[in-house]
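Visitor:
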Amino acid sequence: MTEPSSADLAEVKAAASAPAREVTRQGMWGHGSGDTSGYGGIVRSFERFPRADRPYGSYFDEIVDRLHGLLPGMDLEHVVVAHDELTIFVPKADLLDVLTACRDDALLRFEVCVSVSGVHFPDMVGEELHAVYHLLSITHNRRLRLQVTCADADSHIPSSVSVYPMTDWHERETYDMFGIIFDGHPALTRILMPDDWDGFPQRKDYPLGGIPVEYKGAVVPPPDQRRSYS
Amino acid sequence: MTDESVGTVYVAQGGDWDEIVRAQADRGDETIVINMGPQHPSTHGVLRLILEMDGETVTSLRPGIGFLHTGIEKNMEYRTFSQGSTFVTRMDYVAPIFNEVAYCLAVEKLLDMKVPERADVLRVLFMELNRIASHLVAVGTGGMEIGALTMMTIGFREREMILDFFEAVCGTRMNHAYVRPGGVSIDLPDDGLPRLKGVIDWLHKHLWEYGAFCNENPIFKGRMKGVATLDLTQCMVYGASGPVLRAAGFPWDLRKAQPYCGYETYDFDVITWDTNDAYGRFRIRLAEMSESLKIVEQCYDRLEETTGQPVMVEDPKYAWPAQLTVGADGQGNSNEHIKHIMGESMEALIHHFKTVTEGFRVPAGQAYAAIESPKGELGCHVVSDGGTRPYRVHMRDPGFNHLQAAPAMCEGAMISDVVVAVASLDPVLGGVDR
């Protein structure tokens, strides 16, 4: 048996220090199924956002290289390429620098941030909440997805409104639904739910429906407490 | 009302009229706050506009949305991927087919699935007919709000023909759930092509009328020209798309720029206008209806050529098991299929049961699909964790994005222009609030 080279050791160390992104899923049908078939005992583990290897293909290498060139030393190593779409995970502290570079650099030139969407992964400890920015470059006819994570306990992400004014309402909706606080947003208030609403409805720990409904004397339980056939 | 820290505060709560008048007289200024909506016919649903007025001039406008929030995105997380179609169709209910297509394209991206050619043609046919119907509602209700009532009456007449065709094919006039992951739910009925011919002829006969009524109508032009302007710079600031962006002269159309469903093989033009205003958006919608009709005619030829070809992927893992037909009673059962699963094959019954109740599994990952809806870029972000139900679905509705620009379009204008501005954005609150 040969001794592992120092490069190998460095790789192993890096892998060990990186946050574990592998998650497990129980049963055959995903989260929260009322499965009665006996397959509920199956436990699978998978990686939600597997890192892509170079070359990324299409115009993706160009974008990643340009970002590395413009922002040296920034951790933009977690790149996911799937379904002809490029996703770059951005540390939340660096988000505004990356967005500004994406908007202002002539070779990137993403004029529009079409959407900010949230996702809640309760099993990704320390990075439960994700804000997903979909950028569109009209000049180059390209799309790019930036993903920023934050912990449930510290749900703060810098607001992108100063760079992309059109994300104002999108960030308000993401705050409304997930409780991600976008620091620096001009008026971060609820937008779809009533102002005095309790809780953040799109989070996975928030039940569907949540309140029983009484109709003509009979009480209909909230959907998540009804008998399930699926 | 007076607050010591900020001075005079104007509120929109209403109250006793005499008191309001007295307070107004005491203040001696012309500032008044008006609460427009959410129950107001010109807000296209339940949009609340809080207007601060100086006389008849709008000094500040704040749109309030969320009155039609129905939690569709949350509900979808508890239903199978196929059932998702039934949910998204209820978002922007004036252009339901577009919601379905955006959602299905995102799911098919995750599945790396290619749908049969005829399914793509049917999707394009339905989308373009729906685009005409949606634009008819936009110009019809928009016209009605400024006194051109005929626009609405004839607009709904033409729309009725399109909805009749939808009903003949998939059984419903709205909330179709026609486009499913893997294709479409059902092929054209036996008399589908003659019916489509009837719709095309009808539209050819009547679509020119809108321009004849309005294009040079002095009152119409007086109300629309130079009103609710948004130039190209402002469009970029607000991320505008669709007719709003094209009225600023920029020919951006996802059907051309990032084609889907085979749009690159159809012959049509992207319509632009250079006036930045409500009139330009109106003219773009009129011209786009004619372009859509051109595409519909091309679909007619292709449907004729592809008669008998599948409209759903053949892979039984993903295809809906039943071959549905709309019977004379309006119900959708296929007697052949029921005979097969109930009388001949136990395995077919199990397969049917599993596919319908559990659904198919979609590999873990995320995808974003964007299409050109009548209102602009309609995007769908789908996240799967490998189960049979979406982990997260988010719709990026163009109306939601565009309403942010309403203050920029209205502040400094007259209150009557607010109605025109909102109509020219064509938001549908079902899609805005979801």
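Protein chains in written order, with the numbering used here: chain U, 264 to 493; chain R, 170 to 603.
Think of the CB as a built atom: it goes at the ideal place given N, C-alpha and C, for glycine as much as any other residue.
Spell out the partners DSSP gives U/C413 in its beta bridges.
Guide: DSSP lists U/L392 as partners of U/C413.
Visitor: Name the chain U residues that come within less than 8 Å of R/W421, Cβ to Cβ?
Guide: Here the neighbours are I401.
Visitor: Looking at chain R, which residues of the stretch 305-326 of chain U have a Cβ within less than 7 Å of any of its Cβ atoms?
Guide: Along the stretch 305-326 of chain U, the positions whose C-beta sits under 7 Å from a C-beta of chain R are F309 and R311, read in chain order.
Visitor: R/L279 versus chain U: which residues are under 7 Å apart at the beta carbon?
Guide: Neighbours of R/L279 on chain U, chain order: H346.
Visitor: Under 8 Å, CB to CB, which of the residues in the stretch 554-585 of chain R have a partner in chain U?
Guide: D554, G555, G556, T557, R558, Y560, R561, H563, R565, F569, N570, L572 and Q573
Visitor: Name, please, each residue of chain R whose Cβ falls closer than 7 Å to the Cβ of U/P464.
Guide: G240 and K243
Visitor: Which chain R residues sit within Cβ distance under 7 Å of U/C365?
Guide: Here the premise fails: no neighbours, minimum Cβ distance about 14 Å.
Visitor: Taking Cβ to Cβ, would you say U/Q488 is nearer than 7 Å to R/K243?
Guide: no
Visitor: I need the DSSP call for U/E477, collapsed to helix, strand or coil.
Guide: strand
Visitor: Are the C-beta atoms of U/W460 and some chain C residue less than 7 Å apart?
Guide: No chain C appears in the structure shown, which is made up of the protein chains U and R.
Visitor: Count the CB pairs spanning the stretch 245-258 of chain R and the stretch 559-567 of chain R that are closer than 8 Å, and state whether there are at least three.
Guide: yes
Visitor: Considering R/Y379, what are the terminal residues of the alpha helix (DSSP H) in which it resides?
Guide: That run of the alpha helix (DSSP H) goes W377 to C383.
Visitor: Just list the alpha helix (DSSP H) runs in the stretch 175-248 of chain R, keeping only unbroken ones of 4 residues or longer that don't cross its boundaries, in chain order.
Guide: 186-196 and 241-245
Visitor: For U/V483 and chain R, any beta-carbon pair shorter than 7 Å?
Guide: Any Cβ of chain R closer than 7 Å to the Cβ of U/V483 would place that residue at the interface, and such an atom is absent.
Visitor: Would you decide whether U/R408 is buried or exposed? Buried here means 16 or more other CB atoms lie within 10 Å of its CB.
Guide: buried
Visitor: Report yes if the C-beta distance between R/G352 and R/V480 is below 7 Å; otherwise report no.
Guide: yes
Visitor: Taking only the alpha-carbon atoms, compute the straight-line gap between R/L357 and U/D386 and give it to the nearest angstrom.
Guide: 46 Å
Visitor: Beta-carbon within less than 7 Å of R/I440's beta-carbon, same chain only, minus the 5 sequence neighbours each way: which residues are those?
Guide: R415, I453, A456, E457 and E460
Visitor: Which residues, in chain order, does the stretch 508-521 of chain R contribute to contact with chain U at a C-beta distance below 7 Å?
Guide: none
Visitor: For U/M429, which residues in chain R fall below 9 Å Cβ to Cβ?
Guide: M405, V406, Y407, G408, A409, N570, Q573 and A574
Visitor: Which word fits U/V275, buried or exposed, when buried means at least 16 other C-beta atoms lie within 10 angstroms of its C-beta?
Guide: With a pLDDT of 48 at U/V275, under the threshold of 50, the predicted position of this residue should be treated as unreliable, though the coordinate-derived value follows. It is exposed - the Cβ of U/V275 has fewer than 16 other Cβ atoms within 10 Å.
Visitor: My output table needs one value for R/C430: the three-state DSSP class, helix, strand or coil.
Guide: In the structure shown, R/C430 sits in coil (DSSP, three-state: anything other than H, G, I, E or B).
Visitor: Starting from U/S380, trace the beta strand (DSSP E) in both directions and tell me its first and last residue.
Guide: Here the beta strand (DSSP E) through U/S380 covers V375 to H383.
Visitor: Just verifying my parser: in three-state terms, what is the DSSP assignment at R/F437?
Guide: Coil.
Visitor: Please identify, using Cβ separations under 9 Å, the residues of the stretch 207-222 of chain R that lie next to chain U, in order along the chain.
Guide: none
Visitor: By a C-beta neighbour count over all protein chains shown, 10 Å radius and 16 as the cutoff for buried, is R/N268 buried or exposed?
Guide: buried
Visitor: In chain order, what residues of the same chain have a beta carbon less than 6 Å from the beta carbon of R/L305, not counting five sequence neighbours either side?
Guide: Apart from sequence neighbours up to five positions away, the residues of its chain that approach R/L305 with a beta-carbon distance below 6 Å are G324, E327 and R328, ordered along the chain.
Visitor: Confirm, please, whether the CB-CB distance from R/T258 to R/A397 is below 7 Å.
Guide: Taking 7 Å as the Cβ cut-off, R/A397 and R/T258 do not qualify as a contacting pair.
Visitor: Taking all protein chains shown into account, do 16 or more other C-beta atoms lie within 10 angstroms of the C-beta of U/Y427, making it buried, or fewer, making it exposed?
Guide: buried
Visitor: Which of the residues in the stretch 423-440 of chain R, read from start to end, lie with their CB under 9 Å from any CB of chain U?
Guide: Residues of the stretch 423-440 of chain R with a Cβ closer than 9 Å to any Cβ of chain U, in chain order: A426 and Q427.
Visitor: With 16 other CB atoms within 10 Å as the buried threshold, where does U/A278 fall?
Guide: Any reading at U/A278 needs caution, since the residue's pLDDT is 46, under 50, leaving its predicted position unreliable; the model's value is listed next. That one is exposed.
Visitor: Please check the pair U/G389 and U/A356, which I expect to be a contact at CB under 8 Å, by giving their CB distance rounded to whole angstroms.
Guide: In fact, because the Cβ distance is near 15 Å, the residues do not count as touching under 8 Å.
Visitor: Can you check whether the C-beta of U/E434 is within less than 7 Å of a C-beta belonging to chain R?
Guide: no
Visitor: Applying a beta-carbon distance threshold of less than 8 Å, which residues of chain U neighbour R/G548?
Guide: At a beta-carbon threshold of 8 Å, the residues of chain U lying near R/G548 are V377, S378 and H397, ordered along the chain.
Visitor: Please report the distance separating the alpha-carbon of R/L205 from that of R/L218.
Guide: Here the sequence assigns Met to residue 205 of chain R, which means Leu is not the residue at that position. Rounded to whole angstroms, R/M205 to R/L218 spans 5 Å at the Cα level.
Visitor: The alpha helix (DSSP H) that contains R/A337, what's its start and end?
Guide: L318 to C339
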